[in-house]
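Those protein sequence lines, which keep their order, are chains A and B. If you use numbering that gives the first Met the number 0, the first sequence closes out at 319, no skipped numbers anywhere. If you use numbering that gives the first Met the number 0, the second sequence closes out at 374, no skipped numbers anywhere. Only one structure is covered here, and it is reproduced in the block below.
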Amino acid sequence: MAAYIIRRVLWGIVTIVAVIFLTFLLFRVFPTADPATLLAGKGATTQRIAMIRQELGLNHSWLVQFWIYLKGILFHFNLGYSYYTQRSVLSEIGTALPATLSLTIGAVVLWILIGIPIGILSALKRGSIWDRTAMIGALTFVSMPTFWFGLILIYFFAQSLGLLQIFPGPGSYVGFTADPVKWFGALILPWLVLALTQAAIYSRLLRGNLLDVMGEDYIRTARAKGLPNRRVVYKHGVRSAITPVLTVLAIDLGALLGGAVITERIFEIHGVGLLNITAIGNSDFPVVQGTTVLAAVFVVVANIGVDIAYAYLDPRVRYT
Amino acid sequence: MSGPLISVEDLRVSFDTDDGVVHAVDGLSYKVTPGSTLGIVGESGSGKSVSSLTMLGLTRGPQAKISGKIMFAADPERGPEDLVSMDDDKLRRIRGNDIAMIFQDPLSALHPFYKVGMQLMETVLAHRNVSKRAARERAIELLGLVGIPDPQRRVDQYPHEFSGGMRQRVMIAMALANEPKLLIADEPTTALDVTVQAQILALLDGLQQRLGMAIVVITHDLAVVAEIADEIAVMYAGRIVEHAGTTKVFASPQHPYTWGLLQSIPRLDSPREEELVPIAGRPPSLINRPTGCHFHPRCPYVQEDHKRIDPRLETVPGDPGHEVACLLEADVRARIWDGLASGQSPGEMRPLAAVSKRSGAAPAPPHSRSEGHSS
């Protein structure tokens, strides 16, 4: 098991280095908007632009630039400095991460609370009105693009813009430490946007798994033993059916922590996702790379975590 | 002598499917006395498993139609109660307690995520008000009872850490947890190696003698029931076509389907050049069942009127306790079986059946009947 984990972690590091290199290649070697021109602003003189290029170190060959970048990670561990704010990318991410964490974790809790019970009930009452309604609802939410669904929620419910003006709208996000009540209110709509789509996916996934599991021989054994129905369903059925769902959950969580780009953009939550797209728009390379690497780290860690967790969830799984 | 432990009376089970109504069990009746063993033999789709699952209420569902009675005498003082009409919760308390069941594939029948000890314990705890500690002690005791070495250690292992035979022993231990009065063994040895099969059958036999429970063994393999059954019921298309004591079934089988089953068993003492005789054709569709005798499309001795007349299970003349559902005359059946047993092929014996038809129209039958009475 230990050898397996070490091997996975080493491969994870290789993956992340590859991501760093590819991002570097994409944004600095292949043609993009020139950051110096963007930074200098409209009507800047060529001397001024040349000076900025010099300052940003853009005159070095790209290999030298890559080495400087790697040094930033390995020795200073600050991921370089933003062209715009001059702050280290690490502290930029540090400022943005709490918002992304709030959004992601709240949404995950909400979609589990909605998706799992619906999935179980639908499977147990398969073919009933309840099941059909739930599955049509799920299909509807799965089919709605986040950007559209987010705008619809704002259109109906946001205090500043909506018809009903129930919940705080875009731009109302504040940190939890600043004002917990406002923090909670501002996140209700974004949480719903993320959670309802995902809850739909999870309920369908769990329903399908549970239907399969309830047809297994060991469920028949559990019934033949005379166990109470609740125990048969939860301890024997759901326990098996939910394991693959947890795998998907960990990977989704890893991906979302890298930034819920669309949701953050629509609701103007200054999280990692918004930081990333703003930086792309500005050709703020160090920030683009920093946020991309962070997302890659989350995904890699989530995947390793899932594989390790699986050995505990399913005793048949043993790694060597 | 008390009455039967379980008495199945005209049990019918059918399922609505997209393709039509599947008549899985069609008028099944049998009795099992306490401590005895009944073997139910038949091929896949003969309704043998469905009838047993129905006993435990495991076929109940929106698509299932169940009629008839299964009278079970769990407690001699209370008298027999009908399991078909019993409510779910009451039936649940009988399952795994008074009636227990073991299944064909012991790997898929055990939960892969839980230790065998836990799976045994929950069987005990579902029916008895004992501490977890006591249940664990019982689990270890049960593993020892079914011949699993080192039960103290094995109790904390997962099913995938056991071999096939050991897993089936675990299943048997689980079934015995609450000392049932009836054990249903559904193809208990089919998924196992031949040597392990013999061990498991010997184990069941020994446990029955020690614990005094009745056993219903369901199998497609006559060799299995030959070892442990007192009586054999041969099922075909949801019905019993022949029912008798085990020795009777092997010595003087009456139904052409039973003959087919017997002739398809390889024997060590048969001549090397003698070929096994398969039963021609395929098992019948339970949605569109054959008319008349359900076996007629596969029967080598079929006559024209067998395609119209549905035979009833009747006592063989002169052989009380031996029942058969066959339209051939008793003496003709006896002669055909004599011929088959002496190595002749069904094709060679076929003309005998046609003779029976003609003699059936002539005043010959009284002769055969009087013969039956005199013996």
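Just so you know, even glycine gets a beta-carbon here, dropped at the ideal spot from N, CA and C.
- Below the 7 angstroms Cβ cutoff, chain A contributes G225 as neighbours of B/H126, in chain order.
- Under a 10 Å Cβ-count criterion, A/V13 is classified as exposed, with fewer than 16 other Cβ atoms of the shown protein chains found around its own Cβ.
- Annotation: A/A294 to A/L256 spans about 7 angstroms, alpha carbon to alpha carbon.
- Scanning chain B for C-beta atoms nearer than 8 angstroms to the C-beta of A/H75 yields nothing, as the closest lies near 47 angstroms away.
- Judged by their CB atoms, A/R52 and A/A39 are not nearer to each other than the 7 angstroms cut-off.
- Taken atom to atom, the span from the alpha-carbon of A/L25 to that of B/P158 is near 51 angstroms.
- Remark: C-beta atoms of B/V123 and B/A108 do not approach each other more closely than 7 angstroms.
- Residues M234, Y235, A236, G237 and P282 of the same chain have their beta carbon placed closer than 8 angstroms to that of B/S45, with the five preceding and five following residues left out of the count.
- One finds nothing in chain B with a Cβ atom closer than 9 angstroms to the Cβ of A/T319; even the nearest lies about 15 angstroms away.
- Judged by DSSP in its simplified three-state form, A/R47 adopts helix.
- Rounded to the nearest angstrom, the gap between the Cα atoms of B/L191 and B/G164 is 6 angstroms.
- A/H269 sits close to A/A98, with the two beta carbons spaced by under 7 angstroms.
- For the options B/E8, B/H22, B/P3 and B/L4, the alpha carbon positioned closest to that of B/I286 is the one of B/H22.
- For A/P243, the nearest beta carbon of chain B is not closer than 7 angstroms to its own beta carbon.
- From the beta-carbon of A/T246, no residue of chain B is found nearer than 9 angstroms; the closest lies around 15 angstroms away.
- Using a Cβ-Cβ cut-off of 7 angstroms, A/R222 counts as an interface residue toward chain B, since at least one Cβ of chain B sits closer than that to its own.
- DSSP places B/H242 inside the beta strand (DSSP E), whose first and last residues are R238 to G244.
- The beta carbon of B/L210 sits no closer than 7 angstroms to any beta carbon of chain A.
- Cβ neighbours of A/F148 within its own chain (closer than 6 angstroms, five residues either side excluded): V192.
- The beta carbon of B/E230 lies closer than 8 angstroms to those of S35, T36, L37, G38, H242, A243, G244 and T245 in the same chain, with the five residues before and after it left out.
- Every beta strand (DSSP E) of 3 residues or more that sits fully in the stretch 178 to 259 of chain B is shown, in chain order, as 181 to 185, 213 to 218, 230 to 235 and 238 to 244.
- At the C-beta level, A/P167 and A/A194 stay beyond 7 angstroms of one another.
- Listed in chain order, the non-local C-beta contacts of B/D81 below 7 angstroms within the same chain comprise K68, I69 and M70, local neighbours out to five positions each way being set aside.
- DSSP, read as helix, strand or coil, puts B/A63 in strand.
- By the criterion of a C-beta distance shorter than 7 angstroms, B/V49 is surrounded in its chain by V12, A23, V24 and T58, once the five residues flanking it on both sides are discounted.
- In the DSSP assignment, no residue is bridged to A/T145.
- Interface with chain A (7 angstroms Cβ-Cβ cutoff): B/G116 is excluded.
- Assignment of B/E313 by DSSP, reduced to helix, strand and coil, places it in the strand class.
- In this structure, the beta-carbon distance from B/A174 to B/I101 falls below 7 angstroms.
- For the options A/L9, A/S81, A/V212 and A/T94, the alpha carbon positioned closest to that of A/T176 is the one of A/T94.
- Per DSSP, the beta-bridge partners of B/E8 are B/K68.
- Judged by DSSP in its simplified three-state form, B/T16 adopts strand.
- B/R94 carries a strand assignment under DSSP once its states are collapsed to helix, strand and coil.
- Between B/L221 and B/V40, the CB-CB gap stays under 7 angstroms.
- Using a Cβ distance threshold of 7 angstroms, B/K247 and B/H321 count as a contacting pair.
- When 9 angstroms is used as the limit between beta carbons, B/P111 is near these residues of chain A: Y217, S239, D313, P314 and R315, in chain order.
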